[in-house]
Amino acid sequence: MMLEEATKCAPAVMQSGKEYICLMELHGGVGDEELNRVFRLFTGRIYQVPPVRSSVARRPRVRTVYRMEVLEREGRNVLFRVACSAGTYVRKICHDIGELLGVGAHMEELRRVRAGPFVEEEAVTMLELYEAVKLLKEEGQEEKIRKAIQPMERCVELLPKVYVMDTAVDAI
1 MMLEEATKCA PAVMQSGKEY ICLMELHGGV GDEELNRVFR LFTGRIYQVP PVRSSVARRP
61 RVRTVYRMEV LEREGRNVLF RVACSAGTYV RKICHDIGEL LGVGAHMEEL RRVRAGPFVE
121 EEAVTMLELY EAVKLLKEEG QEEKIRKAIQ PMERCVELLP KVYVMDTAVD AI
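My numbering puts the first residue of the sequence shown at 1, with every later residue one more than the last.
In structure tokens, the structure reads:
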């Protein structure tokens, strides 16, 4: 959630890399070695055509998958982590993995665990935020609200930076 002036940073976060935990169901039996071989094919620059149920034109796009790793496997269910560029369709990756394996596959569940510099472990629930605000208003306690609200500079941590010498500020 972004508040006040920080909402101007939303595009930077939306365009930054994402990381997900995904549960994929294979439609047929596949060995671990073959699965790992196909996973390696999806690391790096990939071409993706958005899925049929998509709000964008269905033309091939280049996306980057920085990392894909199988976390657990139970029968036809594969739990994996994927770190990728913005705009990558993980549902389509699951489908394409199934196609390459010759058995078909679909995404069962997807959970975003990172967007730009923000990770799930640092997130707070709405109830925790409410309680932090209440403590601040009623008792003047700032500790919990300071943990819950991040400075807006966090949004742009991953953007390229330009450093300007103090003596050049007036010229700009």
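The C-beta atom is built at its ideal place from N, Cα and C for all residues, glycine as well.
Where the beta strand (DSSP E) through Cys-45 begins and ends: Numbered from its first residue, the sequence shown carries residue 45 at position 45. Here residue 45 is Arg; the residue named in the question, Cys, does not match the sequence. 44–48 is the span of the beta strand (DSSP E), which, as asked, contains Arg-45.
7 Å Cβ cutoff met for Val-82 and Val-30: Within the sequence shown, residue 82 is the residue found at index 82, counting from 1. Within the sequence shown, residue 30 is the residue found at index 30, counting from 1. Against a cut-off of 7 Å, the Cβ pair of Val-30 and Val-82 comes out as no contact.
Supposed contact pair Leu-26 and Gly-98 - C-beta distance, whole angstroms, cut 8 Å: For this step, residue 98 is matched to residue 98 along the sequence shown. For this step, residue 26 is matched to residue 26 along the sequence shown. Rounded, the Cβ-Cβ distance is 6 Å, consistent with contact.
Short Cβ contact (7 Å threshold) for Arg-91 with Tyr-20: Residue 91 sits at position 91 when you count from the first residue of the sequence shown. Residue 20 sits at position 20 when you count from the first residue of the sequence shown. Cβ atoms of Arg-91 and Tyr-20: not closer than 7 Å.
Buried or exposed by the 16-neighbour rule on C-beta atoms within 10 Å, applied to Val-78: In the sequence shown, residue 78 corresponds to position 78, counting from 1. It counts as buried.
DSSP-derived helix/strand/coil call for His-27: Here the question's residue 27 lines up with position 27 in the sequence shown. DSSP places His-27 in coil when its eight states are reduced to three.
The alpha helix (DSSP H) enclosing Cys-94, as first and last residue numbers: Counted from its first residue, the sequence shown places residue 94 at position 94. Here the alpha helix (DSSP H) through Cys-94 covers 90–101.
Cβ contact check for the region 51–67 and the region 138–156: 3 or more pairs under 8 Å: no
Span of the beta strand (DSSP E), counted from its first residue to its last, around Met-107: Numbered from 1 along the sequence shown, position 107 holds the residue referred to as residue 107. First-last of the beta strand (DSSP E) with Met-107: 105–115.
8 Å contact criterion, which Cys-94 and Thr-64 should meet: CB distance rounded: Taking the first residue of the sequence shown as 1, we reach residue 94 at position 94. Taking the first residue of the sequence shown as 1, we reach residue 64 at position 64. The Cβ separation is near 18 Å, so there is no contact.
Length at least 4, wholly inside the region 123–171: the alpha helix (DSSP H) runs in chain order: 126–139, 143–148
Leu-159 beta carbon less than 7 Å from that of Ile-145: Along the sequence shown, read from residue 1 onward, the residue named residue 145 stands at position 145. Along the sequence shown, read from residue 1 onward, the residue named residue 159 stands at position 159. Not a contact, by the Cβ cut-off of 7 Å.
Proximity below 7 Å, CB of Leu-101 to CB of Val-38: Taking the sequence shown and counting its residues from 1, the one referred to as residue 101 is at position 101. Taking the sequence shown and counting its residues from 1, the one referred to as residue 38 is at position 38. Going by C-beta atoms, Leu-101 is nearer than 7 Å to Val-38.
Rounded separation between Pro-117 and Arg-154 - CA only: The count along the sequence shown starts at 1 and reaches residue 117 at position 117. The count along the sequence shown starts at 1 and reaches residue 154 at position 154. Taking the straight line from one Cα to the other gives about 7 Å.
Range covered by the beta strand (DSSP E) that runs through Met-68: Position 68 of the sequence shown holds residue 68. Per DSSP, Met-68 belongs to the beta strand (DSSP E) from 61–74.
In DSSP terms, what Ala-83 is bridged to: Against the sequence shown, residue 83 aligns to sequence position 83. Glu-19, Arg-67.
Cβ-based neighbour list, Gly-28, same chain, cut-off 6 Å, excluding 5 preceding and 5 following: In the sequence shown, counting from the first residue as 1, residue 28 sits at position 28. Closer than 6 Å at the Cβ level, and outside the excluded window around Gly-28, lie Val-103.
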